[in-house]
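2 protein chains.
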Amino acid sequence: MMGNVSERRKQPPQIGVSVVILALEPVSRSNDGGRPEAGPSGAGSTLWMPLVKRVRQPFLGQWALPGGDLRADHSLEQSAYAALESTTSLHPRYLEQLYTFGDPARSHGGLPMVSIVYWALVGGSDAQTEPVEGNNVKWFPVDSLPELAFDHRAIIDYAMGRLRGKIEYPQIVTRLVGERFTLSQLHDVYEAVTGEAIDLANFRRKMLASGQLEDTGEKLRVGRNRPAAVYRYVRSALRRATPWDHGGDHPDSKGQEEDDALTALTTI
Amino acid sequence: MMGNVSERRKQPPQIGVSVVILALEPVSRSNDGGRPEAGPSGAGSTLWMPLVKRVRQPFLGQWALPGGDLRADHSLEQSAYAALESTTSLHPRYLEQLYTFGDPARSHGGLPMVSIVYWALVGGSDAQTEPVEGNNVKWFPVDSLPELAFDHRAIIDYAMGRLRGKIEYPQIVTRLVGERFTLSQLHDVYEAVTGEAIDLANFRRKMLASGQLEDTGEKLRVGRNRPAAVYRYVRSALRRATPWDHGGDHPDSKGQEEDDALTALTTI
DNA sequence: GCAAAAGTGTTAGCAATACACCCATGC
DNA sequence: GCATGGGTGTATTGCTAACACTTTTGC
Numbered sequence: 105m106m107g108n109v110s111e112r113r114k115q116p117p118q119i120g121v122s123v124v125i126l127a128l129e130p131v132s133r134s135n136d137g138g139r140p141e142a143g144p145s146g147a148g149s150t151l152w153m154p155l156v157k158r159v160r161q162p163f164l165g166q167w168a169l170p171g172g173d174l175r176a177d178h179s180l181e182q183s184a185y186a187a188l189e190s191t192t193s194l195h196p197r198y199l200e201q202l203y204t205f206g207d208p209a210r211s212h213g214g215l216p217m218v219s220i221v222y223w224a225l226v227g228g229s230d231a232q233t234e235p236v237e238g239n240n241v242k243w244f245p246v247d248s249l250p251e252l253a254f255d256h257r258a259i260i261d262y263a264m265g266r267l268r269g270k271i272e273y274p275q276i277v278t279r280l281v282g283e284r285f286t287l288s289q290l291h292d293v294y295e296a297v298t299g300e301a302i303d304l305a306n307f308r309r310k311m312l313a314s315g316q317l318e319d320t321g322e323k324l325r326v327g328r329n330r331p332a333a334v335y336r337y338v339r340s341a342l343r344r345a346t347p348w349d350h351g352g353d354h355p356d357s358k359g360q361e362e363d364d365a366l367t368a369l370t371t372i
Numbered sequence: 105m106m107g108n109v110s111e112r113r114k115q116p117p118q119i120g121v122s123v124v125i126l127a128l129e130p131v132s133r134s135n136d137g138g139r140p141e142a143g144p145s146g147a148g149s150t151l152w153m154p155l156v157k158r159v160r161q162p163f164l165g166q167w168a169l170p171g172g173d174l175r176a177d178h179s180l181e182q183s184a185y186a187a188l189e190s191t192t193s194l195h196p197r198y199l200e201q202l203y204t205f206g207d208p209a210r211s212h213g214g215l216p217m218v219s220i221v222y223w224a225l226v227g228g229s230d231a232q233t234e235p236v237e238g239n240n241v242k243w244f245p246v247d248s249l250p251e252l253a254f255d256h257r258a259i260i261d262y263a264m265g266r267l268r269g270k271i272e273y274p275q276i277v278t279r280l281v282g283e284r285f286t287l288s289q290l291h292d293v294y295e296a297v298t299g300e301a302i303d304l305a306n307f308r309r310k311m312l313a314s315g316q317l318e319d320t321g322e323k324l325r326v327g328r329n330r331p332a333a334v335y336r337y338v339r340s341a342l343r344r345a346t347p348w349d350h351g352g353d354h355p356d357s358k359g360q361e362e363d364d365a366l367t368a369l370t371t372i
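Going line by line, the protein sequences match chains L and S. Our numbering numbers the first residue of the first sequence as 105 and each following residue consecutively. Our numbering numbers the first residue of the second sequence as 105 and each following residue consecutively.
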């Protein structure tokens, strides 16, 4: 089916999608969220992501980003969703294209591969079905990841940089912290993402002064301490999309079709 | 060679690269640059880009972004360079991946196509051989482009947004204005890119205060007016790359091989 | 001298920072 | 009361915007 090597060099490479998935804590069915969590662990100090164990060479047995194939009749975003759901049973509330990697050297002995990488944010209520964890999928904290296949480590670092660059956008934060949240929770997310300490007092003021938050009237008591006010982003703040992103691949295509299920796999 | 339609739907789509090329003025061999230009036209108020006339259906005869194929043994960046040089005879000093477009709807009757789009910045001294202009290539000011094939108009808008977002980076500005420049020239570039009027006095101060500029000692007289000091970016400023970009596709791969020349063409 | 562009000074206002302080709650 | 996190006050500092002003050149 395939010609000799010198012929193959002129062929186009393979294509696939991979997804970097980020959440404040491992997502499973039990976290059915909805209202702000008064979780005892405090969570918020680091981000987590699911990885998939490779079942083929090269890098057999190593951890890698979830991935899948591309089909000519699907948009890139749809393919990313499909890859995501088939491995982690998640339907993220935020999905955005990250970068396309295509250097011949990155295949490390496999076929040359172009990977279109998306990154996704998931919150507590995004689990659709039974979690696949324990199978070939496992959640890791981003600050202590295992050794990764291919160039996936670099891809993840790049994704984290992108997340840091977008932390100001309500759409982003909301997907992580949820729709309703206290200022402390919001503050925790900012610190988890930036990795830096942020003065809470100034943070409150800045957020409230931005006019993007509105008090829901609710209160949330965390431990045995003073209850905190619960906020949400005002509608107009959520709508305001960044024109220099999502510019491409039909950002409005939400409905992805139920299709033939894929088995959990990774691509480069 | 190709199966029926329902088989083809499951196939991966085609892949190609396209390039959005931007310059302060149309680039041809005559502008051999090197030192800052005292051009009579003042140039600096708008950006220009080359487009290629399509020689196939769909959109036959319409203007489109330069593009080319992807080969399994080339990096994406190398493929972008190849597409660039084969159409415009330019070797840009800045090349960066923009976005990957892959919606099935964008092919408009052609084969489904995934386009990995790069954007490039060229200055006066980037022309390598005879300019191809007049053949099927023509330069247009970005604020009055002709009607474009496919979704190329949206792609260009997206590229402009990206450029605006990066105008602060010395690497970007330098590729447009050149290595040595007066503050007025720098100011013109900022205004051309942002599209907004910027107070020259404050602009000077801000730039000088940044510590990123150094006086070369040279003077440049533009018309019959007072000569202006010529500056350049300090080395450390140029080196400082943005980690959340160029993270991917072997950013250090500069040497692109001389290879079989391609004929001027466009892809989706 | 006059025009035109280079370059400087001055002011007001806004936003980020640092940090001291008070408030509400459960034990 | 006291510990803990929620929430407020306030001074300092630095950057930005607006705009009036001076300097250097060719004609």
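In this text, a Cβ means the ideal position worked out from N, Cα and C, and glycines have one as well.
For a test of the three-state rule: what should DSSP assign to residue i, helix, strand or coil?
| i | result |
| --- | --- |
| residue 189/L | helix |
| residue 295/S | helix |
| residue 222/L | strand |
| residue 262/L | helix |
| residue 336/S | strand |
| residue 310/S | helix |
| residue 125/L | strand |
| residue 289/L | helix |
| residue 249/L | coil |
| residue 150/L | coil |
| residue 181/S | helix |
| residue 327/S | coil |
| residue 277/S | helix |
| residue 321/S | strand |
Report yes if the C-beta distance between residue i and residue j is below 8 Å; otherwise report no.
| i | j | result |
| --- | --- | --- |
| residue 125/S | residue 170/S | yes |
| residue 152/L | residue 250/L | no |
| residue 130/L | residue 241/L | no |
| residue 199/L | residue 222/L | yes |
| residue 282/L | residue 217/L | no |
| residue 227/L | residue 280/L | yes |
| residue 324/S | residue 338/S | no |
| residue 319/L | residue 333/L | yes |
Pull up the distance between the alpha-carbon of residue i and that of residue j, whole angstroms please.
| i | j | result |
| --- | --- | --- |
| residue 186/S | residue 295/S | 31 Å |
| residue 164/L | residue 158/L | 5 Å |
| residue 172/S | residue 335/S | 38 Å |
| residue 197/S | residue 298/S | 21 Å |
| residue 183/S | residue 191/S | 13 Å |
| residue 118/S | residue 252/S | 21 Å |
| residue 342/S | residue 261/S | 26 Å |
| residue 146/L | residue 303/S | Only weak support is given to the placement of residue 146/L: the predicted model assigns it a pLDDT of 45, under 50, and the question is left unresolved by the model. |
| residue 244/L | residue 278/L | 21 Å |
| residue 213/S | residue 179/L | 16 Å |
| residue 266/S | residue 127/S | 15 Å |
| residue 116/L | residue 246/S | 32 Å |
| residue 177/S | residue 209/L | 9 Å |
| residue 269/S | residue 328/L | 46 Å |
| residue 162/S | residue 301/S | 40 Å |
| residue 123/L | residue 224/S | 27 Å |
| residue 276/S | residue 274/L | 29 Å |
| residue 174/L | residue 330/L | 51 Å |
| residue 254/L | residue 156/L | 13 Å |
| residue 315/L | residue 293/L | 19 Å |
| residue 308/S | residue 248/S | 30 Å |
| residue 305/L | residue 312/L | 11 Å |
| residue 285/L | residue 321/L | 12 Å |
| residue 272/S | residue 310/S | 12 Å |
| residue 396/S | residue 326/S | There is simply no residue 396/S to check, as chain S begins at 105 and stops at 372 in what is shown. |
| residue 201/S | residue 201/L | 12 Å |
| residue 264/L | residue 256/L | 12 Å |
Identify every residue that forms a DSSP beta bridge with residue i.
| i | result |
| --- | --- |
| residue 173/S | 120/S |
| residue 217/L | 118/L |
| residue 168/S | 156/S |
| residue 204/L | 220/L |
| residue 131/L | Paired residues: none, contrary to the question. |
| residue 242/S | 155/S |
Would you be able to state if there are at least three C-beta pairs under 8 Å between the region 288-305 of chain L and the region 189-205 of chain L?
no
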